[in-house]
Each structure stands twice: as structure tokens, then as C-alpha cells.
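Sequential numbering from 44 applies to the sequence shown in my numbering.
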Amino acid sequence: MTSTLPAAGGAQRPRTVAEGDFKVADLSLAAFGRKEIQLAEHEMPGLMSLRGEYGPSRPLRGARVTGSLHMTIQTAVLIETLTALGAEVRWASCNIFSTQDHAAAAIVVGPDGSAESPQGVPVYAWKRETLAEYWWCTEQVLLWPDGDGPNMILDDGGDATLLVHKGAEFEKLGSVPSRDAADSEEYAVILSVLQRSLAADDRRWTRVAASIKGVTEETTTGVHRLYEMQQQGTLLFPAINVNDSVTKSKFDNKYGCRHSLIDGINRATDVLIGGKVAVVFGYGDVGKGCAESLRGQGARVVVAEVDPICALQAAMDGYQVATMDDVVGTAD
């Protein structure tokens with residue numbers, strides 16, 4: 044991997060990653076990633092229209108965006124749209140397995156850079172990170188080299204938001220609690236990251252939280268965390284629920300899953316789907332897309348759904364509806 048850690052605070056904020064403010068798998072993959080980004084741009088006309096309309100005025104000038112979102116080719120188009128509109132961006136993946144290494148390399152190198160002289164965006168992401176590496180990457184993208192933090196978080200799953208809140212909480216308490224026997228392995232890693240952080244600077248996360256104007260959250264899991272914090276009075280900055288927007292719930296959840304489920308199964312197993320019994324748990328927007336894609340491949344689809352309205356929808360769409368206990372043993 045190619046990396047050096049960011050320079051100490053006080054340096055001028057870099058406009059490129061020429062000083063090594065990144066960690067990705069292999070910068071030599073950048074050319075391949077750039078070709079796929081160019082293909083993806085043709086499939087993402089909304090973002091490209093934003094570049095054309097607002098690129099000259101750069102309305103996001105002054106925005107410092109931390110992204111915690113799957114580092115894929117499609118995300119790369121989003122990142123370069125943000126920078127084209129004037130934002131400064133730092134990026135990590137929100138999943139240890141989801142990074143496309145050629146996409147990460149292409150974003151670090153940038154459209155005008157090279158592997159020897161990267162001119163793009165700081166990215167901390169590679170496929171198959173350990174949990175310790177994952178949370179270290181999240182920490183890095185929340186801390187600018189000059190000591191500043193972001194003024195916006197673009198989150199997927201709520202992990203970046205969680206790290207800021209836990210850091211500020213423990214700074215207020217004056218210490219990070221020791222690991223409890225009931226704590227998960229991942230939470231133990233978070234505690235370790237924050238123990239190291241507080242030892243170096245016991246006001247870091249308080250400053251980061253104060254600089255954030257808001258967070259956008261894309262997932263149901265992350266949104267639930269935000270609502271819980273709001274109800275408890277611990278939410279430190281405004282949040283936008285992207286997950287429940289119509290374009291997310293009615294398009295990405297259904298049609299995105301309809302496309303990607305079968306693609307993922309085929310890539311992972313290369314097993315013929317036709318003729319097999321497939322059980323779909325839940326018949327919301329995601330379940331509808333999954334059931335449709337499996338039926339399109341010739342599977343006999345059974346839906347297990349506790350909500351009576353959604354269960355009736357599944358029945359009216361022609362699927363067998365059954366309880367989980369009755370059907371799980373028969374699924375292929």
C-alpha cells in the first residue's frame with residue numbers, strides 16, 4: 044500500500060494528495076479506474092448536469108466534506124462532482140469489503156495526475172480492511188491535515204457520525220471507558236481508536252463536532268441511530284434523512300437491488316438460479332426488487348413478511364407467502 048500519514052497540524056490545507064495524504068491498495072490501478080469512471084459518467088446524467096450548470100460558480104467553495112460511503116466507481120463520480128463544485132473532500136469506505144481498488148486509485152490520482160504525482164482527493168480505503176484498519180481510515184478522513192475537521196459528513200451506516208459523537212462524549216467525561224466483556228469486537232476497536240486519540244488531543248472531537256453543520260445519512264440503520272440520538276437529546280448537529288427520500292426508497296431500494304442482487308449472487312457463486320426455491324424475507328421496497336430479480340431468473344420465490352399489507356401485496360404479485368419457520372428449511 045502507498046501512504047504516508049498527514050503532516051502535523053498547522054500546515055496549509057493541501058489541494059491535492061501530492062504529499063501522500065491517502066492510503067489505497069495500488070495506484071497503478073488508476074488508469075483502469077479512470078476508464079470505468081468515464082463510462083459511469085454517461086450513466087449518471089444528473090450529477091453531470093450539476094457539473095455543467097454549477098461548475099463555473101463553484102457554490103460548494105468552502106465546504107469540507109467527509110464521505111463515509113462505499114468507494115466504488117459510482118461514488119467516484121459523486122466525489123468528483125463535489126470537487127468540481129468547489130468542495131474539499133476526504134473519503135473512506137463504509138464497509139470493509141465494498142471498495143473497488145481501481146476506483147480508489149483513480150480518485151487519489153485524479154483526472155490530471157499520475158501514480159507518481161497524484162493530484163486527486165485523499166482516500167483511505169481498500170478492499171478487505173480489518174476492523175482496526177477500517178476505523179483508522181474513518182478517523183483519518185474526519186481530520187484535516189491542518190487540524191480542521193469537516194463541516195459536513197456524507198454518511199452511509201452512521202459510522203463517521205458515531206465516531207464523532209463517541210469521541211465528543213468521552214472527551215466530556217474525561218476518559219474512554221475500558222472494554223466490557225459484553226462489548227463486540229468492533230466496539231472494542233472503536234474504544235481503542237478513541238483512547239489513542241484522546242491521549243494525543245483531549246479536545247479533538249469536540250472541535251470536530253462544533254465545526255459540522257450537518258450530516259446526510261443514506262441507510263435505515265444510520266437513520267435509526269440519528270433518531271435515537273435526537274430523542275435522547277445527544278445529537279450534536281442537524282441531520283438529513285436521505286434514506287426516506289422518494290428517489291432512494293422507491294428507486295434505489297427497489298431497482299438498485301433488482302439489478303445488484305442477481306449480479307452479486309452470480310459473481311460469488313456462478314450457480315444457476317432457475318428452478319431453485321428462493322426465500323425473500325420482507326416485502327418492502329428492497330424485498331420487492333429482490334423477489335422480482337429472482338423470479339426473472341426462473342426461481343420459485345417465497346416471501347416471508349410479518350406486515351399484513353406487504354404480505355398481501357406479495358400475494359397479489361403472484362408470490363407464495365409463508366412464515367419463516369414453515370419455509371426456511373425448504374430454501375435453496
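We treat Cβ as the ideally placed atom computed from N, Cα and C, and that holds for glycine. Everything numeric in this text was worked out from a predicted model, so none of it was measured.
Asked, Found
"Under the three-state DSSP convention, the category residue 372 falls into", "helix"
"Three-state secondary structure (DSSP) of residue 252", "helix"
"Own chain residues within Cβ distance below 8 angstroms of residue 52, not counting five before or after", "Residue placement at residue 52 is poorly supported in this model, since its pLDDT is 34, which falls under 50; the coordinates still yield a value, given next. Correct list, in chain order: 188, 189, 190."
"C-alpha distance - residue 127 paired with residue 64, whole-angstrom precision", "20 angstroms"
"contact_flag[the segment 200-213, the segment 250-264] where n(CB pairs < 8 angstroms) is 3 or more", "yes"
"Segment limits, beta strand (DSSP E) that includes residue 245", "Premise fails: residue 245 is in no beta strand (DSSP E) and is neither H nor E."
"Element boundaries [beta strand (DSSP E), containing residue 114]", "Run containing residue 114: none; DSSP gives neither H nor E here."
"Distance CB(residue 120)-CB(residue 90) smaller than 8 angstroms", "yes"
"Burial state of residue 116, where buried means 16 or more other Cβ atoms lie within 10 Å", "buried"
"Beta-bridge pairing of residue 233 - partner residues as DSSP gives them", "DSSP output for residue 233 lists no bridge partner at all."
"Status (buried if at least 16 other CB within 10 Å, exposed otherwise) for residue 373", "exposed"
"Cα-Cα separation, residue 220 to residue 364", "47 angstroms"
"Pick from 195, 154, 299 that is closest to residue 332, judged by C-alpha positions", "299"
"Unbroken alpha helix (DSSP H) run spanning residue 80, endpoints", "73-85"
"Three-state secondary structure (DSSP) of residue 6", "Here the chain comprises residues numbered 44 to 375, so residue 6 is not present and cannot be evaluated."
"Residue burial classification, residue 309 (beta-carbon count within 10 angstroms, cutoff 16)", "exposed"
"Contact the segment 223-234 vs the segment 139-149: 3+ CB pairs below 8 angstroms", "no"
"Short Cβ contact (8 angstroms threshold) for residue 342 with residue 321", "yes"
"Residue(s) in a DSSP beta bridge with residue 259", "197, 283"
"Three-way DSSP call (helix, strand, coil) for residue 61 in this model", "Unreliable placement is indicated for residue 61, whose pLDDT of 44 sits below 50; the coordinate value is still reported in the next sentence. It is coil, neither helix nor strand."
"Residue 134, DSSP secondary structure in three states", "strand"
"Closest by C-alpha distance to residue 130, when choosing among 230, 356, 175, 193", "193"
"Neighbourhood of residue 212 by C-beta distance below 8 angstroms, restricted to the same chain and skipping five residues each side", "277"
"Stretch-stretch touch, CB-based, cutoff 8 angstroms, three pairs: the segment 154-163 with the segment 171-188", "no"
"Residue 261 beta carbon less than 8 angstroms from that of residue 236", "no"
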